[in-house]
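**Student:** For reference, the structure I am asking about is given below.
Rendered as structure tokens:
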């Protein structure tokens with residue numbers, strides 16, 4: 044991949060990273076600010092607890108995305124960005140533009156998702172050989 048393309052993806056990933064950090068901080072703050080009231084209304088307590096758990100789980104998802112973005116930035120640095128971690132083929136530009144932190148080409152991603160749904164869970168493929 045050309046330096047100009049890598050610079051564009053680096054800039055895009057850094058922008059997405061900043062957005063995720065801001066969103067995760069906001070969500071985590073909202074989760075902490077949700078105070079559980081004691082005993083007056085069980086329905087309100089249940090809604091408050093659900094809201095807090097929901098906000099904290101969103102924060103967890105944002106943290107996972109942040110890790111994926113950081114991994115992609117690392118791949119740019121080590122020269123493997125844009126290569127599928129599973130098969131070694133180049134990841135198409137349309138996929139990189141849509142999901143710049145992706146590790147897999149569309150074919151391998153579909154295979155992972157299909158195997159995961161057949162097994163009832165996520166599949167974590169090993170590194171390519």
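Numbering (our numbering), first residue to last: 44 to 172. Glycine included, each C-beta is placed from N, C-alpha and C at the ideal position. Owing to the predicted nature of the structure, the values given are computational and were not obtained by experimental measurement.
#1: Using the beta-carbon count (16 or more within 10 Å), is residue 125 buried or exposed?
#2: What are the start and end residues of the alpha helix (DSSP H) that includes residue 143?
#3: Would you say residue 56 and residue 115 are within 7 Å of each other, going by their C-beta atoms?
#4: For residue 61, which of 153, 49, 106, 47 has the nearest alpha-carbon?
#5: Classify residue 132 as helix, strand or coil using the three-state DSSP reduction.
#6: Kindly list the residues whose CB is nearer than 6 Å to the CB of residue 111, restricted to its own chain and excluding five residues on each side of it in sequence; keep chain order.
#7: Give me the Cα-Cα distance between residue 159 and residue 117, rounded to the nearest whole angstrom.
#8: Where residue 46 and residue 133 are concerned, what is the direct C-alpha to C-alpha distance, given to the nearest angstrom?
#9: Quick one: Cα of residue 130 to Cα of residue 151, how far?
#10: Should residue 146 go down as buried or exposed, given a rule of 16 or more other Cβ atoms within 10 Å for buried?
**Tutor:** Checking against the coordinates, here is how it stands:
#1: buried
#2: No alpha helix (DSSP H) contains residue 143, which DSSP labels as neither H nor E.
#3: yes
#4: 106
#5: coil
#6: 144
#7: 26 Å
#8: 16 Å
#9: 7 Å
#10: buried
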